[in-house]
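Peer 1: Note that my numbering gives residue 2 to position 2 of the sequence shown, counting from 1, and the numbers run on in steps of one.
For glycine and all other residues, C-beta sits at the position ideal for the given N, C-alpha and C.
Let me begin by handing over the structure; questions about it come next.
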Amino acid sequence: MTAPEPVTPPRFAAVGAGRMGRGIAIAFAYAGYRVALIDLRERTPEAWRRLHDEARAEIAGSLAGLARLGVVDAAQVDAIAARVELFDAGGAAAALAGAELVFEGVPETLAAKREAFARINAHCRPDAILTSTTSSILVTQIAEFVERPERFLNIHWLNPAYLIPVVELSHHAGTDPAVLARAKALMESIGKLPVVCGPTPGYIVPRLQALVMNEAARMIEEGAATAEEIDKATRFGLGLRFAALGVVEFIDFGGADILHHASREMSASIDAQRYRAPAILGRMMDEGRLGLKTGSGFYDYAGRDVGAYRADVLLRTLGMLRHAGLWQPPAERTRD
Numbered sequence: 001m002t003a004p005e006p007v008t009p010p011r012f013a014a015v016g017a018g019r020m021g022r023g024i025a026i027a028f029a030y031a032g033y034r035v036a037l038i039d040l041r042e043r044t045p046e047a048w049r050r051l052h053d054e055a056r057a058e059i060a061g062s063l064a065g066l067a068r069l070g071v072v073d074a075a076q077v078d079a080i081a082a083r084v085e086l087f088d089a090g091g092a093a094a095a096l097a098g099a100e101l102v103f104e105g106v107p108e109t110l111a112a113k114r115e116a117f118a119r120i121n122a123h124c125r126p127d128a129i130l131t132s133t134t135s136s137i138l139v140t141q142i143a144e145f146v147e148r149p150e151r152f153l154n155i156h157w158l159n160p161a162y163l164i165p166v167v168e169l170s171h172h173a174g175t176d177p178a179v180l181a182r183a184k185a186l187m188e189s190i191g192k193l194p195v196v197c198g199p200t201p202g203y204i205v206p207r208l209q210a211l212v213m214n215e216a217a218r219m220i221e222e223g224a225a226t227a228e229e230i231d232k233a234t235r236f237g238l239g240l241r242f243a244a245l246g247v248v249e250f251i252d253f254g255g256a257d258i259l260h261h262a263s264r265e266m267s268a269s270i271d272a273q274r275y276r277a278p279a280i281l282g283r284m285m286d287e288g289r290l291g292l293k294t295g296s297g298f299y300d301y302a303g304r305d306v307g308a309y310r311a312d313v314l315l316r317t318l319g320m321l322r323h324a325g326l327w328q329p330p331a332e333r334t335r336d
């Protein structure tokens, strides 16, 4: 059974009707756009109906969950869900024909990606931006499957896709800068916060968080701390600070020398390879670029009002404390 073809196909399409495709579809629908959710697999009518109903139920359930939390009016749920238009393999050509931005989200194998892009290449218009949502395959590998690869990049969403604002845009050497700029603008139009990286394994967020998560698991394995204590420390210590300051900004704020010395000590006491400081940190030490206190580090602070900047950092941190319910006013009187 093929979903009815709209008079004008949606501008946006998610290929792959699994969890990621559904999340992407919700994000666009929430922002007011019609979006095509496309299943490329040839299925029996019964199998397609099951998938269709399952996808509809998950989309409605996710929106209903937001309504229960008070961030969406319950009266809006049906209208938002209706902006997601589902298409089976038979309707894929019509759905893709009008899309200006396409997200491939089929299973994480090169064979599946190759097959999906063969279909996408055949039906998409020449100026459509084509992307993959892969979390594990380099953009350079998938670009080989794309006709006119200058219009291709990876766009990695963080789950839940309709909730987390950051999306990671990974481009290859042949990606047209105008395409990258257009992709960023389109993501911003639905309230996302695009960040850009080159063809690097793990993008930005997964590469950083894998290190933290593995180290947390090692600490439990070693008996250094319980899961509960580690989670308390990361939520209200590490996480709270990094919500107020970016990781690189944090290095500059405290000083590259602090990280340099801490890395040296932990390399000696824990693991030389895991805690070895990168060469760039050594060069910064040699050049006296220690961050805010020397006027330059990863960022340049020349001409900046340092006092105002420090006050802003404090304000951001206090905001996170208040949000977490951890800020306490001063005691009214001296305690014994």
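(1) Three Cβ pairs or more, each shorter than 8 Å: is that satisfied between the segment 112–126 and the segment 84–98?
(2) Residue 152: buried (16+ other C-beta within 10 angstroms of its C-beta) or exposed?
(3) Look up residue 186 in the DSSP assignment and say whether it is helix, strand or coil.
(4) Go through the segment 87–154 residue by residue and report every complete run of the beta strand (DSSP E) that reaches 3 residues or more, in order.
(5) Alpha helix (DSSP H) containing residue 71: first to last residue?
(6) Taking its Cβ as the centre, do 16 or more other Cβ atoms sit within 10 Å of residue 251, making it buried, or is it exposed?
(7) If you follow the beta strand (DSSP E) that residue 37 is in, where does it begin and where does it stop?
(8) Buried or exposed: which applies to residue 168, given that a residue is buried once 16 or more other Cβ atoms fall within 10 Å of its Cβ?
(9) In whole angstroms, give me the CA-to-CA distance for residue 320 and residue 159.
(10) Have a look at 81, 129, 272, 189 and flag the residue whose alpha-carbon is nearest the alpha-carbon of residue 104.
(11) Assuming residue 118 and residue 38 form a contact by the criterion Cβ under 8 Å, report the distance between their Cβ atoms to the nearest whole angstrom.
(12) Would you call the CB atoms of residue 162 and residue 27 closer than 8 Å?
(13) Just curious, the alpha helix (DSSP H) that residue 267 is in, first and last residue?
(14) Would you call the segment 250–265 and the segment 285–296 touching, i.e. three or more CB-CB distances under 8 Å?
(15) Please list the terminal residues of the continuous beta strand (DSSP E) segment that includes residue 229.
(16) Where does residue 53 sit, in a helix, a strand or coil, going by DSSP?
(17) Is the beta carbon of residue 85 sitting closer than 8 Å to the one on residue 34?
(18) So residue 183 and residue 155 are supposed to be a Cβ contact under 8 Å. How far apart are they, rounded?
(19) Give the straight-line distance between the Cα atoms of residue 333 and residue 326, rounded to the nearest whole angstrom.
(20) Just the Cα atoms here: how many angstroms apart are residue 61 and residue 36?
(21) If I follow the unbroken beta strand (DSSP E) through residue 242, where does it start and stop?
(22) Sort out for me which residues DSSP pairs residue 169 with in a bridge.
(23) I need the DSSP call for residue 12, collapsed to helix, strand or coil.
(24) Three or more C-beta pairs closer than 8 Å, one from the segment 134–142 and one from the segment 46–63: is that the case here?
(25) Quick one: is residue 303 near chain D, going by C-beta distance under 8 Å?
(26) Determine whether the beta carbon atoms of residue 16 and residue 106 lie at a separation below 8 Å.
(27) Is residue 150 near residue 127, with beta carbons less than 8 Å apart?
(28) For a minimum of 4 consecutive residues, which ranges assigned as the alpha helix (DSSP H) are wholly contained in the segment 264–305?
(29) Assuming residue 43 and residue 88 are in contact, meaning their beta carbons sit under 8 Å apart, how far apart are those beta carbons, in whole angstroms?
(30) What does DSSP give as the partner residue(s) for residue 85 in the beta ladder?
(31) According to DSSP, is residue 328 part of a helix, a strand, or is it coil?
(32) Looking only at C-alpha atoms, which of 111, 322, 185 sits nearest to residue 236?
Peer 2: This is what the structure gives:
(1) yes
(2) To locate residue 152, count along the sequence shown from 1; it is residue 152. Per the 10 Å Cβ criterion, buried.
(3) Position 186 of the sequence shown holds residue 186. DSSP places residue 186 in helix when its eight states are reduced to three.
(4) 101–104, 129–132
(5) On the sequence shown, position 71 is the one that residue 71 refers to. Element bounds for residue 71: n/a, residue is neither H nor E.
(6) Along the sequence shown, one-based indexing puts residue 251 at 251. So residue 251 counts as buried.
(7) Start at 1 with the first residue of the sequence shown, and residue 37 comes out as number 37. Segment 35–38, the beta strand (DSSP E) holding residue 37.
(8) As a first step, residue 168 is located in the sequence shown; it is residue number 168 there, counting from the start. Counting Cβ neighbours within 10 Å, residue 168 comes out buried, since at least 16 surround it.
(9) Numbered from 1 along the sequence shown, position 320 holds the residue referred to as residue 320. Numbered from 1 along the sequence shown, position 159 holds the residue referred to as residue 159. Whole-angstrom Cα-Cα distance: 22 Å.
(10) Looking up residue 104 in the sequence shown gives position 104. Looking at the Cα atoms, 129 is the closest of the given residues.
(11) Within the sequence shown, the letter at position 118 stands for residue 118. Within the sequence shown, the letter at position 38 stands for residue 38. Rounded, the Cβ-Cβ distance is 14 Å, inconsistent with contact.
(12) As a first step, residue 162 must be located in the sequence shown, where it is residue number 162. As a first step, residue 27 must be located in the sequence shown, where it is residue number 27. In contact: residue 162 and residue 27 (Cβ atoms closer than 8 Å).
(13) On the sequence shown, position 267 is the one that residue 267 refers to. Residue 267 -> alpha helix (DSSP H) spans 256–269.
(14) yes
(15) Taking the sequence shown and counting its residues from 1, the one referred to as residue 229 is at position 229. Element bounds for residue 229: not the beta strand (DSSP E) but the alpha helix (DSSP H), 227–233.
(16) Along the sequence shown, read from residue 1 onward, the residue named residue 53 stands at position 53. Reduced to three states, the DSSP call for residue 53 is helix.
(17) Position 85 of the sequence shown, counted from the start, is the residue given in the question as residue 85. Position 34 of the sequence shown, counted from the start, is the residue given in the question as residue 34. Closer than 8 Å, so yes.
(18) For this step, residue 183 is matched to residue 183 along the sequence shown. For this step, residue 155 is matched to residue 155 along the sequence shown. Yes, they are in contact, since the Cβ atoms of residue 183 and residue 155 sit about 7 Å apart, within 8 Å.
(19) The residue given as residue 333 occupies position 333 in the sequence shown. The residue given as residue 326 occupies position 326 in the sequence shown. Distance between the alpha carbons of residue 333 and residue 326 is about 20 Å.
(20) The sequence position of residue 61 within the sequence shown is 61, counting from 1. The sequence position of residue 36 within the sequence shown is 36, counting from 1. Using only the alpha carbons, I get a separation of about 19 Å.
(21) Position 242 of the sequence shown holds residue 242. Per DSSP, residue 242 belongs to no beta strand (DSSP E); it is in the alpha helix (DSSP H), 239–244.
(22) The count along the sequence shown starts at 1 and reaches residue 169 at position 169. Its beta-bridge partners are 155, 196.
(23) Taking the first residue of the sequence shown as position 1, residue 12 is located at position 12. The answer is strand: DSSP assigns residue 12 an E or B state.
(24) no
(25) Although the question refers to chain D, the structure presented lacks it and comprises just one protein chain.
(26) Start at 1 with the first residue of the sequence shown, and residue 16 comes out as number 16. Start at 1 with the first residue of the sequence shown, and residue 106 comes out as number 106. Yes; because the gap between Cβ atoms is below 8 Å, this pair is in contact.
(27) Numbered from its first residue, the sequence shown carries residue 150 at position 150. Numbered from its first residue, the sequence shown carries residue 127 at position 127. The answer is no: Cβ separation not under 8 Å.
(28) 279–287
(29) Taking the sequence shown and counting its residues from 1, the one referred to as residue 43 is at position 43. Taking the sequence shown and counting its residues from 1, the one referred to as residue 88 is at position 88. Yes, residue 43 and residue 88 are in contact; Cβ-Cβ is about 7 Å, under 8 Å.
(30) For the purposes of this step, residue 85 is taken as the residue at position 85 of the sequence shown. Partner(s): 36.
(31) Taking the first residue of the sequence shown as position 1, residue 328 is located at position 328. Coil at residue 328, not helix or strand.
(32) Here residue 236 is taken as the residue at index 236 of the sequence shown, counted from 1. Comparing Cα-Cα distances from residue 236 to each of 111, 322, 185, the minimum goes to 322.
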